[in-house]
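Here the structure comes first, spelled out in C-alpha cells, and everything after it is commentary.
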Amino acid sequence: MSAKTLYDKIWDAHLAHEAEDGTCLLYIDRHLVHEVTSPQAFEGLRMAGRFVRAPDKTIAVPDHNVPTTEGRENPEAMTEDSRIQVAALDKNAKDFGIHYYPVDDVRQGIVHIVGPEQGWTLPGMTVVCGDSHTATHGAFGALAHGIGTSEVEHVLATQTLIQRKGKNMKVEITGKLRPGVTAKDITLSVIGATGTAGGTGYVIEYCGEAIRDLSMEGRMTVCNMAIEGGARAGLIAPDETTYQYIKGRPHAPKGGQWEQAMEWWKTLYSDDDAHWDKVVTIKGEEIAPVVTWGTSPEDVLPITETVPTPESFSGGKVEAARRALDYMGLAPGQKLTDIEIDTVFIGSCTNGRIEDLRAAAEILKGKKVKEGMRAMVVPGSGLVRAQAEEEGLADIFREAGFEWRLAGCSMCLAMNPDQLAPGERCASTSNRNFEGRQGYKGRTHLMSPAMAAAAAVTGHLTDVREMT
Amino acid sequence: MEKFEKLSGIAAPLPLVNIDTDMIIPKQFLKTIKRSGLGVNLFDEMRYDREGNETPDFVLNKPAYRGAQILVTGDNFGCGSSREHAPWALADFGIKAVISTSFADIFYNNCFKNGILPIALPQEQVDVLMSDAEKGANARMEIDLEAQTVTTSDGEVFGFEVDPHRKHCLINGLDDIGLTLEKAAAIDTFEARAAAERPWV
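Printed below as a string of C-alpha cells:
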C-alpha cells in the first residue's frame, strides 16, 4: 500500500462513489447548520418534496444573528429580518427532526464551538457547514470545510458532497513558541507568509513541535483560519491531547465503542514517506506577537514593526495596499504600537473559547480599560460563559470595564447589533479585517486575545510582552 | 438552473485583487430567506454612498457597464465567507461569467451551482481581457463554454480549463441533487458499510 497523508486516509474512508470522469461523492459524517446559510436549502428540499437523509448527523444552532445582550429571548430584541431567520431555523429543525440548540439553551453558541464542545466532532470524520470557518474542526483530525447553500441542500438530501480531491500541503511549525506568542500568532504568521491564496486548492496539515504543544483550543484557533490562507480545510493529526479533550463529552463514543474508535483514530496520521504537493516550514521561535495593519488577513506584521509602504509590494498588491492604508487611515512608517483604538472585541469562533478568555483575563487582572474604550467579551458558547463565570474570569472582565455578553458570533461579522461605527478602530480577536466586516467603514486589527486585552488597557496596539 | 452555452456580452473591468465575498454582498443583506433580489445590493458598499446614492466612479454605475454580463477582476476573487449570496447577487444583477487569475475555492464552487461560469486564466491573458473590458459598451466579449474559449472584441482567442462534470451540468442546466440521487444505491451501500466499521459515528 502506498504511503498516505492524513487527508488521503480520511478521503479514502469516505469515498461513497467515484465516476469515470473522477467526480467523487464524499460521505458526510456531521452536518452543522446555522440560520443564515440554511433557509434557502430547506426551502429547496420542501419545493422538491425531498427530506433530510440523516437527521441524526445534522446539528443546528442559531449564532450569526442573535443579539448577545441580556433579554434576547424576547423577540423584540432582534430586528424583524433576523427574527425571521432564527424562526425559520427553529421551524426547520422541528420539521425535519434534526438536533437543535435554541437561543435559550445554555449549550447554544457559535456552531464551531458547540460542535466540538458537545462531542459531535471526532477524529477521522468528514464535517461540513455552510460557513467557511468549518475548518476549525480540523483540529481533531477531521476533514472539515465550509460549503455554499446549494451544497447544504445537497448534503441535507443526500448526506454526500460532490468533490474533487484537493492537493496536500504541509505546514510545519518547529520548536517552541516564545512567551507571549499564541496559536493566533501562529495562524496569522502562516497567512502572512503564504498569502490569502497560498492554500487555494490545498488541504493543509499543520504539524511540528509547536503545534503538538498546543491545547485543543489553540489547535482550533490555528485550523479555524486555514480558510483565510485560501485552504478550505486545515488538519492536525489526533493525539493524547485530542483524546483527553473528547473523552466524556455528551456525543463522544462510550464503553466498547470508545476502544473501537481509539483503535481507528490511532491510525490517523500522515505516513513518513507520504507525498506533499507543497511544504512550508516556520520556526516557532521566530514567531512574534502579530497584528494586521490592512484589510486582508495576509497584511500581518510583528507588533514591533511599522506600517509598510505600498511600493514595497508588487503586482496588484501595490494598489490593494494603497487602498487598504486609505481605508484604515494609516500612513507608511507609522509605528504599529502608535495606532490608537477605541473598541476591543474578544470572542468569535477563532478566539471565543475558555483558554482565550483565560489569556485575556490574565492580562486584565487588577487593571482597567482605558477611559472611553468600548470593550466587550462575547464567549463562544453558553457553556464557555458558565465556565468563565465559575473560574472568576467574568468578574475580572467586568471589573476591568469590559461588557460581559451572551454567546454568539457578534462583532466578528456584525450581523447582530454589535457593530463598529464609521471610522471606529477595533482590536479584535476575530478572523477577518475586510472592509466593512465589523461595520460600515469600521477598521479592524486582528490579534490574539492577550494582545487585544493589552490594547484595551493602553488604548493603542501594544506588545503584550511589555505588559507582564 | 439556466443553461450556459455561449455568451456574448459587455465585460466590466474591476482590477482589484482579493475581492472578498463581504465586498460582493455585505452581511446586512444576508438576512434574507430567499435567493432572489440581491442584485440591487451587489458590491453595495462600493456602489452606493451611506445615503444610498450611486457612487458615479464605480464601474457598474457607469452607463457603459450597467448591462455588463461579464466581470474581469484581480487575483483571488471571492475569498472569505462561504456565503452563496455572493453568486446569487452576481446572477441577479445579470453577471454570467467572471474572469480572473484565481478564485477562492468555495466561491468557485458556488458559481457553478448558480449558472455562473468562473474562468481562471494566466495573468497576461487577464491583462489583455482587462484592457478589452475597458473599451466599454462598444466592445463585446464572447465566451463559448462548449469550445472552452474566450474571444476579445478584437478576435483574440484564449482557451480555458473547466472540470468536465461541472461543464456538463452548466451546459445542460442540470440539478446536482437529482444526479446524486441517481446514485442512491451506492450511498446506501457505503452507509451500511461505514456504520458497521465505525458504529460510533
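First to last, the protein sequences are chains A and B. The first sequence begins at 7 in the numbering used here and counts up one residue at a time. The second sequence begins at 7 in the numbering used here and counts up one residue at a time. Built from N, CA and C at the ideal position, the CB exists for glycine as well.
By the criterion of a C-beta distance shorter than 8 Å, B/Leu-180 is surrounded in its chain by Met-7, His-174, once the five residues flanking it on both sides are discounted. Counting only residues of its own chain and dropping the five nearest sequence neighbours on each side, B/Asp-55 has a CB closer than 8 Å to the CB of Thr-61. In the three-state reduction of the DSSP assignment, A/Gln-444 falls in the coil class. The three-state secondary structure of B/Ala-110, taken from DSSP, is coil.
A/Arg-59 is the residue among A/Arg-59, A/Glu-123, A/Glu-79, A/Glu-86 whose C-alpha sits nearest the C-alpha of A/Gly-103. Here DSSP, grouped into helix, strand and coil, assigns B/Met-29 to helix. The three-state reading of DSSP puts A/Met-453 in coil, since its state is none of H, G, I, E or B. Listed in chain order, the non-local C-beta contacts of A/Trp-270 below 7 Å within the same chain comprise Gly-130, local neighbours out to five positions each way being set aside. Ranking B/Glu-11, B/Met-52, B/Asp-98, B/Lys-68 by CA distance to the CA of B/Lys-40 puts B/Asp-98 first.
As the crow flies, the alpha-carbon of A/His-160 is around 40 Å from that of A/Met-334. DSSP places A/Pro-122 in the uninterrupted alpha helix (DSSP H) bounded by 117-123.
Between A/Ile-153 and B/Ser-88, the C-beta gap is smaller than 8 Å, which places the two residues in contact. Around A/Gly-236, the same chain offers Thr-202, Ala-203, Gly-204, Gly-205, Thr-206 as residues with beta carbons nearer than 6 Å, after the five sequence neighbours per side are excluded. Using a Cβ-Cβ distance cut-off of 8 Å, the region 406-419 of chain A and the region 435-453 of chain A are in contact, since at least three pairs of beta carbons, one from each stretch, lie closer than that value.
In this structure, DSSP gives A/Trp-271 a helical state, which the three-state scheme calls helix. Take the alpha-carbon of A/Gly-136 and the one of A/Asp-348: they are about 32 Å apart. Contact between the region 129-141 of chain B and the region 43-57 of chain B is not established, with fewer than three Cβ pairs separated by less than 8 Å. For A/Thr-247, the enclosing alpha helix (DSSP H) covers residues 246-252.
Residue state for A/Pro-45 is assigned as helix, using DSSP reduced to three classes.
A/Gln-169: member of the beta strand (DSSP E) spanning 166-169, first to last residue. Under the Cβ criterion (8 Å, minimum of three pairs), the region 263-277 of chain A does not count as touching the region 300-314 of chain A.
Contact annotation for A/His-160 against chain B: Asp-182, Ile-183, Thr-186 [CB-CB distance below 8 Å, chain order].
Residues of chain A whose Cβ lies closer than 8 Å to the Cβ of B/Asn-67 do not exist, since the nearest Cβ in that chain is about 18 Å away.
Counting other Cβ atoms within 10 Å of its Cβ, A/Thr-132 reaches 16 or more and is therefore classed as buried.
Contact residues of the region 35-61 of chain B toward chain A are Leu-36, Lys-37, Thr-38, Ile-39, Lys-40, Arg-41, Glu-51, Arg-56 (C-beta to C-beta distance below 8 Å). Residues of chain B with a Cβ closer than 8 Å to the Cβ of A/Thr-166 are, in chain order, Thr-186, Ile-193. Pairing A/Gln-114 with A/Ser-387 gives a Cβ-Cβ distance under 8 Å. By the criterion of a C-beta distance shorter than 6 Å, B/Asn-116 is surrounded in its chain by Glu-90, Pro-93, once the five residues flanking it on both sides are discounted.
Legend: CB atoms of the region 436-452 of chain A lying less than 7 Å from CB atoms of chain B belong to residues Arg-438, Phe-440, Glu-441, Gly-442, Arg-443, Tyr-446.
Taking all protein chains shown into account, A/Glu-234 has 16 or more neighbouring C-beta atoms within 10 Å of its C-beta and is therefore buried.
Counting other Cβ atoms within 10 Å of its Cβ, B/Gly-184 stays below 16 and is therefore classed as exposed. Chain A places a beta carbon closer than 8 Å to that of B/Asp-28, counting this residue as a contact.
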